[in-house]
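In terms of UniProt numbering, the sequence shown opens at residue 1 and continues consecutively.
Backbone N, C-alpha and C fix where the C-beta goes; we use that ideal spot for every residue, glycine too.
Comments concern the structure below.
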Amino acid sequence: MKLAWLCSHESYQPEVLLEHAVLAEQVGFDVVTGADHFHPWVDDVSAASYVWTWFGAVAQATSRVELATSVTAPLFRYHPALIAQAAATVDRLSNGRFILGVGTGEAINEAPLGYAFPGYGERIARMREALTIMHGLLDGEKLDFDGEFYQARTAKLYSPPTGRVPVWMAAGGPKSATFAGETCEGLITSVKDPAETVAKIITPYRDAATARGADTTVMATRWVVLAANDDEAWEALVSMRGLRAPGRLEVADPAVLRERADAMDRQEILSKYTIVRDLDQLAEAYLPLVTDVGADYVAIQVASADPADTIRRIGAEVLPALRKAADS
């Protein structure tokens, strides 16, 4: 079992997140992850840097941690071949430490650049073609491809990855989980109820992967807020409050998400997160991802008023507790 730290690109500028990534390696995390968004969740206190440039810097500033997108959407503003090229480059710069996490996306990534954001049916069909292209290029093929959504002509990566770059897909329901098992090397899923996650997401994923004779890897995530009281919790979530606003997947303007979030009762937004008051409670929040879910990777995603201090404290107290639970 490996432990990951999410660097929140919606909350902090890239130079600050670079410091967080280095610190995460120093305190004992095994993986550093970052999301790929064009817009953040709100427009007043937020950030949205380009994760691929940032990963190049992190690759040079670290030596041990694996690096993973959690996640990028290779469907609209990116041709999937460009994502394969980006993944291969980060893999080379990190000496083989990169994992490509993908998902079907949100409007905040595509609509600001003029792309339509269609329903799930088209997005998953695009993903199937995108995975064919990305897997082919990452495996060293010179690719000709004629699909409904994408084309490629003698496409080849002339700076290939150092080895095999695994592709993990984010899934929040059984359809996407099954699809991930059929097409990818790993699954990324956010856990609210561990038993429900195992039944509806992880089991379909593993069944589909087993049916094609593939190994499985599961990264389980959970958003947790570390705060002494609700006022501090709200401060920690100020850049993330639009994440729980109605219509999040379809809205492109962070100002709209902010307005919708601010029209909600503050307690309603706080109730949608796991809020803990100390490190013991924080460890308890992630323990089911180790013991009940049995994840291969557990991604710790914590909002707090002082993230650098939180990283240090988690490294000293929470990581050892979770590793002990995994070994027992």
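Run of the beta strand (DSSP E) containing residue i, from where it starts to where it stops
| i | result |
| --- | --- |
| Gln301 | Tyr297 to Ala303 |
| Leu226 | Val218 to Leu226 |
| Val22 | Per DSSP, Val22 belongs to no beta strand (DSSP E); it is in the alpha helix (DSSP H), Pro14 to Val27. |
| Leu3 | Lys2 to Cys7 |
| Ile201 | Counting along the chain, Ile201 falls outside any beta strand (DSSP E), and DSSP gives it neither H nor E. |
| Ile269 | It is not in any beta strand (DSSP E) - Ile269 instead sits in the alpha helix (DSSP H) that spans Arg266 to Leu270. |
| Val32 | Val31 to Gly34 |
| Val276 | Thr274 to Val276 |
Cβ neighbour criterion (16 or more within 10 Å) applied to residue i
| i | result |
| --- | --- |
| Ala177 | buried |
| Gln13 | exposed |
| Thr104 | buried |
| Asp193 | exposed |
| Tyr158 | exposed |
| Asn95 | exposed |
| Glu110 | buried |
| Gln301 | buried |
| Arg63 | Note that residue 63 corresponds to Ser in the displayed sequence, not to Arg. Per the 10 Å Cβ criterion, exposed. |
| Asp309 | exposed |
| Glu185 | buried |
| residue 330 | One cannot answer for residue 330 here, as it falls past the ends of the chain, which runs 1 to 328. |
| Tyr120 | exposed |
| Leu278 | Reading off the sequence, residue 278 comes out as Asp, not Leu. Looking at its Cβ environment, which holds fewer than 16 other Cβ atoms inside 10 Å, Asp278 is exposed. |
| Leu100 | buried |
| Ser70 | buried |
| Leu249 | exposed |
| Glu129 | buried |
| Pro288 | buried |
| Ala211 | exposed |
| Leu113 | exposed |
| Gly181 | buried |
| Ser328 | exposed |
Selection from the options that minimises the alpha carbon distance to residue i
| i | options | result |
| --- | --- | --- |
| Asp253 | Ala73, Ala48 and Ala325 | Ala48 |
| Leu137 | Ser304, Gln85 and Ile311 | Gln85 |
| Ala233 | Ile269, Ala209 and Val218 | Ile269 |
| Ala214 | Lys324, Ala220 and Arg206 | Arg206 |
| Glu317 | Asp292, Val290, Pro288 and Leu282 | Leu282 |
| Ala61 | Ala87, Leu17, Ile83 and Thr69 | Leu17 |
| Leu187 | Ala195, Glu196 and Thr203 | Thr203 |
| Pro160 | Ala88, Thr197 and Ala195 | Ala88 |
| Tyr297 | Ala130, Met219 and Ala209 | Met219 |
| Pro74 | Arg92, Gly56, Phe117 and Trp54 | Phe117 |
| Tyr50 | Glu141, His37 and Val58 | His37 |
| Arg183 | Ala209, Gly172 and Val165 | Reading off the sequence, residue 183 comes out as Thr, not Arg. Answer by Cα proximity: Ala209. |
| Lys175 | Ala199, Phe145, Ala299 and Ser46 | Ala199 |
| Ala24 | Ala35, Ser11 and Leu67 | Leu67 |
| Gly34 | Val65, Gly181, Val45 and Arg244 | Val65 |
| Gly163 | Arg92, Val290, Leu6 and Asp30 | Arg92 |
| Ile314 | Gly28, Glu15, Cys7 and Lys2 | Gly28 |
| Pro307 | Leu113, Lys2 and Leu6 | Leu6 |
| Met127 | Ala171, Val251 and Glu141 | Ala171 |
| Lys324 | His135, Val191, Tyr286 and Glu106 | Tyr286 |
| residue 349 | Ile124, Ala125, Val165 and Asp327 | No statement about residue 349 is possible, as the shown extent of the chain runs from 1 to 328 and does not include it. |
| Val45 | Val32, Phe55, His9 and Gln26 | His9 |
| Tyr115 | Ser271, Val251 and Pro246 | Val251 |
| Thr53 | Met1, Ala326, Ile83 and Arg312 | Ile83 |
| Arg320 | Thr216, Glu284, Thr132 and Val102 | The displayed chain sequence assigns Pro, not Arg, to residue 320. Comparing Cα-Cα distances from Pro320 to each of Thr216, Glu284, Thr132 and Val102, the minimum goes to Glu284. |
| Val293 | Ala180, Asp146, Val191 and Ala4 | Val191 |
| Leu143 | Ile108, Ala245 and Thr154 | Thr154 |
| Ala295 | His135, Pro246, Thr189 and Thr72 | Thr189 |
| Thr72 | Ala59, Thr197, Ala303 and Leu131 | Leu131 |
| Pro246 | Thr217, Val290, Lys272 and Asp230 | Lys272 |
Extent of the continuous alpha helix (DSSP H) run through residue i
| i | result |
| --- | --- |
| Val251 | Looking at the DSSP string, Val251 is not in any alpha helix (DSSP H), and its letter there is neither H nor E. |
| Leu187 | Here Leu187 belongs to no alpha helix (DSSP H); instead the beta strand (DSSP E) covers Gly186 to Ser190. |
| Val90 | Pro80 to Leu93 |
| Ile314 | No alpha helix (DSSP H) contains Ile314, which DSSP labels as neither H nor E. |
| Val290 | Leu279 to Thr291 |
| Pro74 | Careful: Pro74 lies outside any alpha helix (DSSP H) and carries neither H nor E. |
| Pro320 | Leu319 to Asp327 |
| Glu10 | Here Glu10 belongs to no alpha helix (DSSP H), and DSSP marks it neither H nor E. |
| Asp231 | Asp230 to Ala236 |
Beta carbon proximity, residue i to chain D, threshold 7 angstroms
| i | result |
| --- | --- |
| Ile133 | Annotation note: the requested chain D is absent from the structure, which comprises a single protein chain. |
beta-carbon residue i near the ligand COA non-hydrogen atom, thresh 6 angstroms
| i | result |
| --- | --- |
| Gly103 | In terms of ligand content, the structure shown is empty, and the ligand COA therefore cannot be addressed. |
Kindly provide the ranges of any beta strand (DSSP E) runs that are 3 or more residues long and lie completely inside the region 101-181, ordered along the chain. Taking 3 residues as the minimum length, the beta strand (DSSP E) runs contained wholly in the region 101-181 are 143-146, 151-155 and 167-170, in order along the chain.
Taking only runs that begin and end inside the region 39-71, name each unbroken beta strand (DSSP E) of 3 or more residues, in chain order. If we require 3 residues or more, the beta strand (DSSP E) runs fully inside the region 39-71 come out as 66-69.
Are the region 256-264 and the region 220-229 touching, with three or more C-beta to C-beta distances below 8 angstroms? Too few Cβ pairs lie closer than 8 angstroms, so no.
Do the region 73-92 and the region 130-150 touch if we need at least three Cβ pairs shorter than 8 angstroms? These segments touch.
Three-pair Cβ contact test at 8 angstroms for the region 237-255 versus the region 24-43: At 8 angstroms Cβ cutoff, the stretches touch.
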